[in-house]
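Engineer:
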Amino acid sequence: MLGVAILILGMAMLSNSGNLLLSTVDSKQRIRAKYAAESMVALQIARTMEQSSVLFGSGLDLPGTPLGSLLTGNGERGAASIVNANGSSGPLIQELITSGRFKGMMGIKIPLVIKALGQAPGGAKSRIDAEVKVYQVPIFQYGIFYEGDLEVTPGPWMSILGPVHTNSNAYFRTSGGLYFQGPVTASGDIFQWTRTNRTIRYAISPDTSAVFEPSLTTEIVAMDAYNRPAPIGGQHNVDFRTERLNLPIGGAIPEKLIAPRDSSDPPQLAKQQFDRRIPCNADGTCPSNRFVAEHDAKPLWISGPKVFYDRREKRWVKVWDFDVALMANHSRDSVFYLADTTTDFDKGTRGVHMLNAFRLINASILPRNLSIASANPMYIMGDFNLANPGGSCGPSDFVGSIPDSLKYCNAMIAADAITVLSPRWPLLDFATRGMSGSLEQDIANPHWTSVRLIWNSRRGADDTLYNPEPTHGYGDDHDATGYSPTIRINAAILTGNKPTAKTWLPPNNTDNLLFEAKYEGGVHNTVRYLENLLAATVVLKGSFVCTWKATFKGLDTVSTRTTIGGYYGPPSRIMSFDPRFRNLNNMPPATPFLSTGILSGWSEKR
41 MLGVAILILG MAMLSNSGNL LLSTVDSKQR IRAKYAAESM VALQIARTME
91 QSSVLFGSGL DLPGTPLGSL LTGNGERGAA SIVNANGSSG PLIQELITSG
141 RFKGMMGIKI PLVIKALGQA PGGAKSRIDA EVKVYQVPIF QYGIFYEGDL
191 EVTPGPWMSI LGPVHTNSNA YFRTSGGLYF QGPVTASGDI FQWTRTNRTI
241 RYAISPDTSA VFEPSLTTEI VAMDAYNRPA PIGGQHNVDF RTERLNLPIG
291 GAIPEKLIAP RDSSDPPQLA KQQFDRRIPC NADGTCPSNR FVAEHDAKPL
341 WISGPKVFYD RREKRWVKVW DFDVALMANH SRDSVFYLAD TTTDFDKGTR
391 GVHMLNAFRL INASILPRNL SIASANPMYI MGDFNLANPG GSCGPSDFVG
441 SIPDSLKYCN AMIAADAITV LSPRWPLLDF ATRGMSGSLE QDIANPHWTS
491 VRLIWNSRRG ADDTLYNPEP THGYGDDHDA TGYSPTIRIN AAILTGNKPT
541 AKTWLPPNNT DNLLFEAKYE GGVHNTVRYL ENLLAATVVL KGSFVCTWKA
591 TFKGLDTVST RTTIGGYYGP PSRIMSFDPR FRNLNNMPPA TPFLSTGILS
641 GWSEKR
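To convert, count from 1 in the sequence shown and add 40; that's this note's numbering.
#1: Give the DSSP-derived three-state secondary structure of Ala576 in the structure shown.
#2: Pop quiz: Ser166 and Ala73 are said to be a contact at Cβ under 8 Å. What is the actual Cβ separation, rounded to whole angstroms?
#3: Can we say the region 445–461 touches the region 623–637, given the rule of at least three CB pairs closer than 8 Å?
#4: State the beta-bridge partners of Cys586 as determined by DSSP.
#5: I need the DSSP call for Arg355, collapsed to helix, strand or coil.
#6: Let me confirm a value: Thr234 is counted as buried when at least 16 other C-beta atoms fall within 10 Å, else exposed. Which label applies?
#7: To which residues does DSSP link Met452 through a beta bridge?
#8: From Asn207, Ser371, Gly290 and Lys354, pick the residue whose C-alpha is nearest to that of Val392; which is it?
#9: Please list the segments of the beta strand (DSSP E) lying wholly inside the region 194–248, counting only runs of 3 or more residues, in order along the chain.
#10: How should Thr591 be labelled, buried or exposed, when 16 other C-beta atoms within 10 angstroms of its C-beta is the threshold for buried?
#11: What number of angstroms, rounded off, separates the C-alpha of Pro194 from the C-alpha of Gly140?
#12: Could you give the distance in angstroms between the alpha-carbon of Pro307 and the alpha-carbon of Lys387?
#13: Determine whether the beta carbon atoms of Asn402 and Val375 lie at a separation below 8 Å.
#14: So which of Pro161, Ile122, Arg372 and Arg528 has the shortest CA-CA distance to Asp66?
#15: From Leu426, Ala76, Arg316 and Ala337, pick the residue whose C-alpha is nearest to that of Gly115; which is it?
#16: Please classify Asn625: does DSSP put it in a helix, a strand, or coil?
#17: What first and last residue would you give for the beta strand (DSSP E) that runs through Phe280?
#18: Per DSSP, which residues does Glu644 bridge with? Please list them.
#19: Going by CA-CA distance only, name the one from Trp341, Ser643, Ala164 and Gly144 that's closest to Pro246.
#20: Round the Cβ separation of Pro203 and Tyr242 to the nearest angstrom and send it over; I've been treating them as touching at under 8 Å.
#21: Can you check whether the CB of Arg399 is closer than 8 Å to the CB of Leu570?
#22: According to DSSP, simplified to helix, strand and coil, what is Arg141?
#23: Could you pull out every residue in the same chain whose Cβ sits closer than 6 Å to the Cβ of Met566, ignoring the five residues on either side in sequence?
#24: Can you check whether the CB of Asn425 is closer than 8 Å to the CB of Lys447?
#25: When you compare each of Arg620, Leu378 and Ser215 to Ser199 by their alpha carbons, which one comes out closest?
#26: Relative to the C-alpha of Ala156, which residue among Ile150, Ile168 and Ile148 is closest?
#27: Name the residue from Ile154, Lys173, Asn124 and Arg528 whose alpha carbon lies nearest to the alpha carbon of Ile420.
#28: Between Ser93 and Ile289, is the Cβ-Cβ spacing less than 8 Å?
#29: Who are the near neighbours of Glu295 in its chain, counting only those whose CB is closer than 7 Å to its CB and skipping five residues on each side?
#30: How many whole angstroms separate the CB atoms of Glu297 and Pro632, which I take to be in contact at a CB cut-off of 8 Å?
#31: Candidates Pro407, His335 and Leu201: which alpha carbon is nearest Cys433's?
#32: Nearest-angstrom Cα distance between Val579 and Asn530?
#33: Suppose you measure from the CA of Asp373 to the CA of Ala379; what does that come to, to the nearest Å?
#34: Please name the residue, chosen from Trp360, Gly108, Thr382 and Ser343, that lies closest to His335 on a Cα-to-Cα basis.
#35: Where Ile154 and Gly637 are concerned, what is the direct C-alpha to C-alpha distance, given to the nearest angstrom?
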C-alpha cells in the first residue's frame, strides 16, 4: 500500500510539473503574440505619419495591413486595421497638443483607433486596441524653423519670440545681447559664445519671465547640462540632440514644395506642393493664379520681363513684376504660383545664363489673406501687407474690436530666395565710367551689358566698379544719405539660404575670428538686400522658415562669403514672431504642415 501511495504521489507530481511546463510555454507564446501586436501598432503609427499629408481632407482614413509575417525571423505574424473615431466625414478639430515634441502648439486632430492582431508560431494570439491622435501642425507656429544649420549671430540686441527649431546644429553668438523665449530645440548640438562682454538669455519656460544666462566667453562651446536651463516638469525649454521634425512629403526634399509639379512627385508631396494646389483643366489650361512662363498665358497683373544686375549674385536678372494692386481688381484667388524655368543668356561677352525671378510690386495693401509662391528667387519692392483700417483682414480670434494696427492680412511668401528692395530701386542709375542710364532696363534693350561688375565703395577706381546712384535727389547710394524710411513686411516667409560652409563652423572650427571672416551672415541675413539702407529700418513680422539651400539657376552658393564686399549697407533689422499664428484660423492659405501621432489610450483584448 505504501508503494502504491508513493507511485500515485509521484505520478501527481509529474502531472503538475508537466502542466507547469506547458503553462510556461503557453505564457511565452502569448508574450510573443503580444509583442507582435504591439509591433503592428508601432508600424501603423509610423505609416500613418508617412501618409499624413494625404490623410487630411481625403476621406480621413487609411488602409490597414493584412495578416502577414513580421520581420523578426521568429515566425510571428501580425495584422492591423485603422478606424477613424470621428467617422469618415467627421469634423476636423483644432486642439492644444499637451505632450510630445509639439507640446504647447495647436494641431488639427483626427482621432484614430488602431486594431492590431499578433500571432505567435504556436497559435497564441493577442489583440490590442490603441487610441492615437494624429495632428496636422502648421509650420508657421515656429518663430524660426530651419532644415540646415541655424546661425543666430546679430550685432545689436535681438529678441526672438516663438518656438525655434533646427534639424541640424544651432550657432548662437551674442554681440549686443540675445534673448530666446523658446522652446529652442536642435536635432544636432547648440554652440554658444560671445563676441563682447554680453550674454544670451533663455526663458526658463515659454510662459515665464524668469531667465537663465549661461556663462559665456569668446570660446565657442557646445551646450551641455550645465549651460542650459534646467527642466521644468521634466520638459526642457532649451534642448539639443532632439528628434528631427520632417515635413510629411513622401521623402522628397523640402525645396520640391515650390517646384513645378511633376508626374513622379509622391502623393504626400503633391498634397502640400503649391503647384499641385492649383487645379488645371483636362486640356492642360490652368487658371490665372498660376503662371509658368514656358507655357501659361500671362495674366493681366504680370508684366515684363525687365533686367537688372544683382551684385550679390553677380548676375543679370530677368524679372517679371507681379502687381498686387492690379491683381486685386481682376482675381478672387488666394494662392498664386509662379515659375520661370527657361534659360536665357545675357547679351555680353560672359555668355552666362541670367537669373529668372519675380518681383512683388504695389503690395503694401493686400485685398485678402494671400499666399504667393515661386520656384524662382523673389524680390519684394517696398512695403508688403500693411495694416488697412478700411479692409476686412485681421486676426480672427481677437476679442473685441480689432485695433487698426492689426488689420493686415494673413500672408505668406514662398520662394527659392528673397530680396527686399526699397521703393527707390527703379530710380537707381549706373555711376561707372563707360556705363550710363537706368540700372533697370527693358529686356529688349540691345545695349544692356554683362560686364562682370563688382560693387565697391570707391567709385571710379577702374571700369569694373559698380556703384549705382539714385537720380532724384537721394544722394550717393553708398553713403548715409541712402534710403531712410521704414520698410514693413507682415508675412510668413518660406525660403532658402546660402549656408556657411561646414569647414568654418564648430566643431570643425572653434576660432571666432575665422568664423567672423567666413560666415554667411546668419538668420538675419537670409532675407537679402542690394542697396545702401544704413539709415533705414526693415521690420519683418511673421514666421521665418528656411528649409533648403537656395540653388535656383545662377544663385551663388559656391563662392566664399557673399556678405563681404560692400554690395549693400545693412538696415536696422527688427524680426519678430507674429502671435496671431498661434491660432490656426490665422494661418495663411496653403500653409505647409508637420505631423505627429500621440498614443493616448491602450487596451489589450483576449
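We treat Cβ as the ideally placed atom computed from N, Cα and C, and that holds for glycine.
Structural biologist: In terms of the structure at hand:
#1: In the structure shown, Ala576 sits in coil (DSSP, three-state: anything other than H, G, I, E or B).
#2: Taking C-beta atoms under 8 Å as the contact rule, Ser166 and Ala73 qualify, at a distance of about 4 Å.
#3: Enough Cβ pairs lie closer than 8 Å, so yes.
#4: Looking at the DSSP assignment, Cys586 forms a beta bridge with Tyr186 and Thr535.
#5: In this structure, Arg355 counts as strand in the three-state DSSP scheme.
#6: The residue is buried, with at least 16 neighbouring Cβ atoms inside 10 Å.
#7: DSSP output for Met452 lists Ser411 and Ala532 as bridge partner(s).
#8: Residue nearest to Val392 within the set Asn207, Ser371, Gly290 and Lys354 is Lys354 (criterion: CA-CA distance).
#9: With a minimum length of 3 residues, the continuous beta strand (DSSP E) runs that stay inside the region 194–248 are 198–200, 204–206, 210–214, 218–220, 224–226, 230–234 and 240–243.
#10: It is exposed - the Cβ of Thr591 has fewer than 16 other Cβ atoms within 10 Å.
#11: Pro194 and Gly140 have their C-alpha atoms some 31 Å from each other.
#12: Each residue's Cα considered, the two are about 42 Å apart.
#13: If you check the CB distance, Asn402 and Val375 do not come in under 8 Å.
#14: Among Pro161, Ile122, Arg372 and Arg528, the Cα nearest to that of Asp66 is on Pro161.
#15: Checking every option, the nearest Cα to that of Gly115 belongs to Ala76.
#16: Annotated three-state conformation of Asn625 is helix, per DSSP.
#17: For Phe280, the enclosing beta strand (DSSP E) starts and ends at Val278 to Phe280.
#18: Beta-bridge partners of Glu644 (DSSP): Ile168.
#19: Of the candidates Trp341, Ser643, Ala164 and Gly144, the one whose C-alpha sits nearest the C-alpha of Pro246 is Gly144.
#20: Going by Cβ atoms, the distance from Pro203 to Tyr242 rounds to 13 Å, so no, they are not a contact pair.
#21: Taking 8 Å as the Cβ cut-off, Leu570 and Arg399 do not qualify as a contacting pair.
#22: The answer is coil: DSSP assigns Arg141 none of H, G, I, E or B.
#23: Looking at the sequence shown, residue 566 is not Met but Thr. For Thr566, the CB contacts under 6 Å within the same chain, skipping 5 residues up- and downstream, are Asn537 and Cys586 in chain order.
#24: No; because the gap between Cβ atoms is not below 8 Å, this pair is not in contact.
#25: Comparing Cα positions, the closest option is Ser215.
#26: Closest option to Ala156, judged by alpha-carbon separation, among Ile150, Ile168 and Ile148: Ile168.
#27: For Ile420, the closest of Ile154, Lys173, Asn124 and Arg528 by C-alpha to C-alpha distance is Arg528.
#28: When the beta-carbon positions are compared, Ser93 and Ile289 come within less than 8 Å of each other.
#29: Same-chain partners within the cutoff: Gly536 and Trp588.
#30: Before going further, note that residue 297 is Leu rather than Glu in the sequence given. Contact check for Leu297 and Pro632: beta-carbon distance about 6 Å, within the 8 Å limit, so the pair qualifies.
#31: Of the listed residues, the one whose Cα sits closest to Cys433 is Pro407.
#32: For Val579 and Asn530, the distance between alpha carbons rounds to 8 Å.
#33: If you draw a straight line from the Cα of Asp373 to the Cα of Ala379, it comes to about 17 Å.
#34: It is Thr382 whose Cα lies nearest to the Cα of His335.
#35: Here the C-alpha atom of Ile154 lies approximately 12 Å from the C-alpha atom of Gly637.
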